[in-house]
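Below is one structure, written out as structure tokens, with a few remarks after it.
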Amino acid sequence: MNNTDLVKNGLKKRYLKERMFKLMGLFSIATAILFLFILLTDIISKALPAFYQTQIVLEVNIDAERLNLNTNSDEADMMNADFRLVIRDALLATFPEVTKRADKRALYSLTSMGAEFQLRDLVMSDPNLLGSTQTISFIADDDVDAVVKGSIDRHLPEKDRRINNQKLFWIDKLASQDQIQTTFNWNFFSNGDSREPEMAGIRGAILGSFYTLLVTLALSFPIAVAAAIYLEEFAPKNKFIDFIEININNLAAVPSIVFGLLGLAVFINFFSLPRSAPVVGGVVLSLMTLPTIIIASRSAIKAVPPSLREAALGLGASKMQAVFHHVLPASMPGILTGTIIGMAQALGETAPLLMIGMVAFIVDIPQSVTDPSTVLPIQVFLWADSPERGFLEKTSAAIMVLLFFLIAMNAIAIYLRKKFEKKW
Amino acid sequence: MNEAVVKNGPKESTMKVISKPENEDSLSIEYTATVGQPLCEEAKFRTQNVNVFYADNQAIHDVTLDVGAHEVIALIGPSGCGKSTFLRCLNRMNDTIDICRVEGKILLDEEDIYSKKQDPVLLRARVGMVFQKPNPFPKSIYDNVAYGPRIHGLTSNKAELDDLVEQSLIKAGLFQEVKDRLHAPGTGLSGGQQQRLCIARTIAVKPEVILMDEPASALDPIATAKIEELINELKQNFTIVIVTHSMQQAARVSQRTAYFHMGRLIEVGNTDQIFTNPSHDLTEKYITGRFG
Chain F
5 MNNTDLVKNG LKKRYLKERM FKLMGLFSIA TAILFLFILL TDIISKALPA FYQTQIVLEV
65 NIDAERLNLN TNSDEADMMN ADFRLVIRDA LLATFPEVTK RADKRALYSL TSMGAEFQLR
125 DLVMSDPNLL GSTQTISFIA DDDVDAVVKG SIDRHLPEKD RRINNQKLFW IDKLASQDQI
185 QTTFNWNFFS NGDSREPEMA GIRGAILGSF YTLLVTLALS FPIAVAAAIY LEEFAPKNKF
245 IDFIEININN LAAVPSIVFG LLGLAVFINF FSLPRSAPVV GGVVLSLMTL PTIIIASRSA
305 IKAVPPSLRE AALGLGASKM QAVFHHVLPA SMPGILTGTI IGMAQALGET APLLMIGMVA
365 FIVDIPQSVT DPSTVLPIQV FLWADSPERG FLEKTSAAIM VLLFFLIAMN AIAIYLRKKF
425 EKKW
Chain L
108 MNEAVVKNGP KESTMKVISK PENEDSLSIE YTATVGQPLC EEAKFRTQNV NVFYADNQAI
168 HDVTLDVGAH EVIALIGPSG CGKSTFLRCL NRMNDTIDIC RVEGKILLDE EDIYSKKQDP
228 VLLRARVGMV FQKPNPFPKS IYDNVAYGPR IHGLTSNKAE LDDLVEQSLI KAGLFQEVKD
288 RLHAPGTGLS GGQQQRLCIA RTIAVKPEVI LMDEPASALD PIATAKIEEL INELKQNFTI
348 VIVTHSMQQA ARVSQRTAYF HMGRLIEVGN TDQIFTNPSH DLTEKYITGR FG
């Protein structure tokens, strides 16, 4: 046998191996895509109802006398007025046959607890409405919402159902009179958290996440880039610096909850910073993000061709000038990518924030970095933990919002990398 | 073992050369002293017994060489002979390498550039450098040339800077080619143009000496010819030390040539004499292409 035959004999086996490898790669990618698809379909299908809200249209006589108000009433009076009364009157007017106290109470629960505040805000913004009769869409209770969206099975026996036959009858009657409508759920984006699923919104968590990340970015980006520049460009090569380098790598691998404990012990107990506040959350998350950004920045700086440094030094630039005029701009794409990946990590981080009290139930929307607040992943955690049915869809919707922000941040990272990338 | 005898050399610089006959690439030297005329009367640079170490490896052994004012001196020798290392000592570019240690004296205008008083930034403003691979900044052509004057504050207003940039580009023979696109990126030029841009950038700082580390080795023959032509023009205003792999190039552009071998300066002399009538056996072998 000559060489050609030897090679020929082996060829089949070699190509077979290659085909097998390609097939395996294809299979693993397909599996990954399949699971991603399942995950996204599940989340989106569960979340979609949360973006719609059931409302009950009622003709309300905003009777000033019944509300104990007159044209001279100031804001405080309005705040104290019991707007529930007129909504109840309107409900009773729709179903005059309800007379028993227990039935009445059941009837009143068709609208959300938030309906009276809805009406109050409306009247406060336009006091001329006092004394007039208006057709207003009120937010429905979460049970009504569930029935309308079809997530409660009507065929279940009454005792197993969350909503009884009487209520079902009222809902059906309202629906037949066109008094039930579904609209886009703006409240989900404008409200803070609430015990009532139909009133709960994600704005507080979004702003909490925003303030927390703001603090994280403001702290970790300059410190990490400065540290990376020092370590790469200025630090002497000795045991001490090696030790620091090893420990930065170790820090990146420390479980995040440990940083939470550190934050609790140092920032809250020792420095007495406010609990549940984005400022503490941001500091804790920066501790966690620092090693990520330092490592990414160092490799970006290391990747800058030495010829660029030499060109600057050869012209008589000081080391500092060479770094800041040339090396840093050239390594910016890598540094920014690392930073945004670090920030995306911080956005999704839950464990350390649990330790510093950002897991609290907070209704108010935070106005600054020192206001108590929660963050998106913790909002997901809190809602997933709630027993009310309405929170199920809210959980998925919050996950969608969180994923949206993560995808947006990664897209920005890719865009920046493309924009700043330069060819040598 | 084969004993190489120095031809035409002074008696005291006789040396023994040991080489393995089966592999002439690994010629090793037992003892050496420089042949020829390493010293100049009007010297810009004087180096005296320079030794350079990378950690424990000695890269340069006892090199004593003067660079005359307004001369072009070519450093030639096989790869790894230390000619680039020696060149980088002259503007303290080796400072950037942590493990590199320089011993001996290097004087620029009779002042020790390795003394504590000497500021490396000031030194590099006086001794410019052009590198092997064209390395323009990823900025516009204008900004590339203007960078040096800007950091040193050489000009006081925009018009002066514009003028300096234009003059530098003209001197580098690049102005005609790029005058319409001064604000286009310097990295978009061809290799030869990039190298001339790097030369323009260097001369914009108005250095006294220009060090060139194989400036044409990454270029095609036409671009190389342009660079060589440029060097011939620049020598009227600058002292030039050029490291080159190409003996023809050394012959064309330089007045004096120094031959390095394994970290030692073997022979220095007028370029004509080195290429037509080398004194040292190793030099002869190298220029006749028997190794290197």
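Chains as they are written, first to last, in our numbering: chain F, 5 to 428; chain L, 108 to 399. Note that beta-carbon positions come from the ideal geometry of N, C-alpha and C, so glycine has one too. These numbers come from a predicted model, not from an experiment.
Roughly how many whole angstroms lie between the Cα atoms of V11 of chain F and V360 of chain L?
Sequence index remark: in the first sequence, residue 11 of chain F carries index 7 (1-based). Sequence index remark: in the second sequence, residue 360 of chain L carries index 253 (1-based). Near 54 Å, if we compare the C-alpha coordinates of V360 of chain L and V11 of chain F.
If we define contact as Cβ-Cβ less than 8 Å, is L319 of chain F a contact residue for chain L?
The sequence position of residue 319 of chain F within the first sequence is 315, counting from 1. True, the Cβ-Cβ gap to chain L drops below 8 Å.
Distance, L182 of chain L Cα to A357 of chain L Cα
Residue 357 of chain L sits at position 250 when you count from the first residue of the second sequence. Residue 182 of chain L sits at position 75 when you count from the first residue of the second sequence. One C-alpha to the other measures close to 8 Å.
Per DSSP, which residues does K265 of chain L bridge with? Please list them.
Working through the second sequence from its first residue, we reach residue 265 of chain L at position 158. Per DSSP, none; premise fails for K265 of chain L.
Could you tell me whether the Cβ atoms of V174 of chain L and A232 of chain L are closer together than 8 Å?
Within the second sequence, numbered from 1, the residue matching residue 174 of chain L stands at position 67. Within the second sequence, numbered from 1, the residue matching residue 232 of chain L stands at position 125. For V174 of chain L and A232 of chain L, no; Cβs fall outside 8 Å.
Taking a cut of 8 Å between CB atoms, which residues from the stretch 297 to 316 of chain F lie near chain L?
P309, S311, L312, R313, E314, A315 and A316
Please report the distance separating the alpha-carbon of L281 of chain L from that of A321 of chain F.
Locating residue 281 of chain L in the second sequence gives position 174, where the first residue counts as 1. Locating residue 321 of chain F in the first sequence gives position 317, where the first residue counts as 1. L281 of chain L and A321 of chain F: Cα-Cα distance of roughly 24 Å.
Is A204 of chain F close to chain L, meaning its C-beta is less than 8 Å from at least one C-beta of that chain?
In the first sequence, counting from the first residue as 1, residue 204 of chain F sits at position 200. Closer than 8 Å: no.
Report the neighbours of I248 of chain L on chain F: residues whose CB is nearer than 8 Å to its CB, in chain order.
Your numbering for residue 248 of chain L matches position 141 in the second sequence. Within chain F, no residue comes near I248 of chain L; the closest Cβ sits about 14 Å away, beyond 8 Å.
Would you decide whether E321 of chain L is buried or exposed? Buried here means 16 or more other CB atoms lie within 10 Å of its CB.
Taking the second sequence and counting its residues from 1, the one referred to as residue 321 of chain L is at position 214. Buried.
Which same chain residues end up closer than 7 Å to K241 of chain F when comparing Cβ atoms and leaving out the 5 residues on each side of it in sequence?
Within the first sequence, numbered from 1, the residue matching residue 241 of chain F stands at position 237. Contacts found: none.
Min CB distance K422 of chain F to chain L below 8 Å:
In the first sequence, residue 422 of chain F corresponds to position 418, counting from 1. No, K422 of chain F does not count as interfacial toward chain L.
Please classify H290 of chain L as buried or exposed, where buried requires at least 16 other C-beta atoms within 10 Å of its C-beta.
Translated into the one-based positions of the second sequence, residue 290 of chain L becomes position 183. Burial call: exposed.
Does the beta-carbon distance from F142 of chain F to Q57 of chain F come in below 8 Å?
Taking the first residue of the first sequence as 1, we reach residue 142 of chain F at position 138. Taking the first residue of the first sequence as 1, we reach residue 57 of chain F at position 53. In this structure, Q57 of chain F does not lie closer than 8 Å to F142 of chain F by Cβ.
Using a Cβ-Cβ distance under 8 Å, would K243 of chain F count as near chain L?
If you number the first sequence from 1, residue 243 of chain F lands on position 239. False, the Cβ-Cβ gap to chain L never drops below 8 Å.
Taking Cβ positions only, does H259 of chain L come closer than 8 Å to chain F?
Against the second sequence, residue 259 of chain L aligns to sequence position 152. Interface residue, yes.
How many angstroms separate the CA atom of Q300 of chain L from the CA atom of F244 of chain L?
The sequence position of residue 300 of chain L within the second sequence is 193, counting from 1. The sequence position of residue 244 of chain L within the second sequence is 137, counting from 1. Going by the C-alpha atoms only, they are around 13 Å apart.
Kindly indicate if chain F contains any beta-carbon less than 8 Å away from that of P145 of chain L.
Here residue 145 of chain L refers to the residue found at position 38 of the second sequence. So no, P145 of chain L is outside the interface.
What number of angstroms, rounded off, separates the C-alpha of D388 of chain L from the C-alpha of T171 of chain L?
Here residue 388 of chain L is taken as the residue at index 281 of the second sequence, counted from 1. Here residue 171 of chain L is taken as the residue at index 64 of the second sequence, counted from 1. Looking at the two C-alpha atoms, the distance is approximately 20 Å.
For M128 of chain F, does the count of other Cβ atoms within 10 angstroms reach 16, so buried, or fall short, so exposed?
In the first sequence, the residue the question calls residue 128 of chain F occupies position 124. So M128 of chain F ends up on the exposed side.
With V316 of chain L as the anchor, note down where its beta strand (DSSP E) starts and where it stops.
Along the second sequence, read from residue 1 onward, the residue named residue 316 of chain L stands at position 209. First-last of the beta strand (DSSP E) with V316 of chain L: V316 to D320.
R371 of chain L in three-state terms, based on DSSP
Reading the second sequence from its first residue, position 264 is the one you call residue 371 of chain L. Strand.
Are the stretch 330 to 346 of chain L and the stretch 339 to 354 of chain F touching, with three or more C-beta to C-beta distances below 8 Å?
no
Runs of beta strand (DSSP E) lying entirely within the stretch 167 to 208 of chain L, each at least 3 residues, in chain order:
179 to 183
What is the DSSP secondary structure of F160 of chain L, reduced to helix, strand or coil?
For this step, residue 160 of chain L is matched to residue 53 along the second sequence. Correct three-state label for F160 of chain L: strand.
Backbone CA spacing between R18 of chain F and F25 of chain F [nearest angstrom]:
Residue 18 of chain F sits at position 14 when you count from the first residue of the first sequence. Residue 25 of chain F sits at position 21 when you count from the first residue of the first sequence. Cα to Cα, R18 of chain F sits roughly 11 Å from F25 of chain F.
In angstroms, rounded to a whole number, what distance separates the CA positions of D226 of chain L and V229 of chain F?
Position 119 of the second sequence, counted from the start, is the residue given in the question as residue 226 of chain L. Position 225 of the first sequence, counted from the start, is the residue given in the question as residue 229 of chain F. So the two alpha carbons sit approximately 28 Å from each other.
From what residue to what residue does the alpha helix (DSSP H) around Q283 of chain L run?
By one-based count along the second sequence, residue 283 of chain L stands at place 176. That run of the alpha helix (DSSP H) goes F282 to V285.
Taking the beta strand (DSSP E) that S353 of chain L falls in, what are its first and last residues?
Residue numbering aside, residue 353 of chain L sits at position 246 when the second sequence is read from its first letter. Note, S353 of chain L: premise wrong, no beta strand (DSSP E); not H, not E.
Measuring only the C-alpha atoms, how far is N6 of chain F from N13 of chain F?
The residue given as residue 6 of chain F occupies position 2 in the first sequence. The residue given as residue 13 of chain F occupies position 9 in the first sequence. C-alpha separation (whole angstroms): 11 Å.
Please look up how many angstroms separate the CB atoms of T220 of chain F and S290 of chain F, rounded, as I've assumed it's under 8 Å.
Along the first sequence, one-based indexing puts residue 220 of chain F at 216. Along the first sequence, one-based indexing puts residue 290 of chain F at 286. With a Cβ gap of about 5 Å, T220 of chain F and S290 of chain F count as contacting.
Would you call F244 of chain F buried or exposed, if buried means 16 or more other Cβ atoms sit within 10 Å of its Cβ?
Counted from its first residue, the first sequence places residue 244 of chain F at position 240. Flag for F244 of chain F reads exposed.
Measure from the alpha carbon of R88 of chain F to the alpha carbon of each residue in F:A80, F:N74 and F:R109, then state which is nearest.
As a first step, residue 88 of chain F must be located in the first sequence, where it is residue number 84. R88 of chain F has its Cα closest to that of F:R109, out of F:A80, F:N74 and F:R109.
For F142 of chain F, three-class secondary structure by DSSP:
Taking the first residue of the first sequence as position 1, residue 142 of chain F is located at position 138. Three-state DSSP puts F142 of chain F in a strand.
Tell me Q181 of chain F's beta-bridge partners as DSSP assigns them.
Start at 1 with the first residue of the first sequence, and residue 181 of chain F comes out as number 177. None; Q181 of chain F has no bridge partner.
Chain B contact residues for R231 of chain L, given Cβ-Cβ distances below 9 Å
Considering every chain present, this structure includes no chain B. Its protein chains are F and L.
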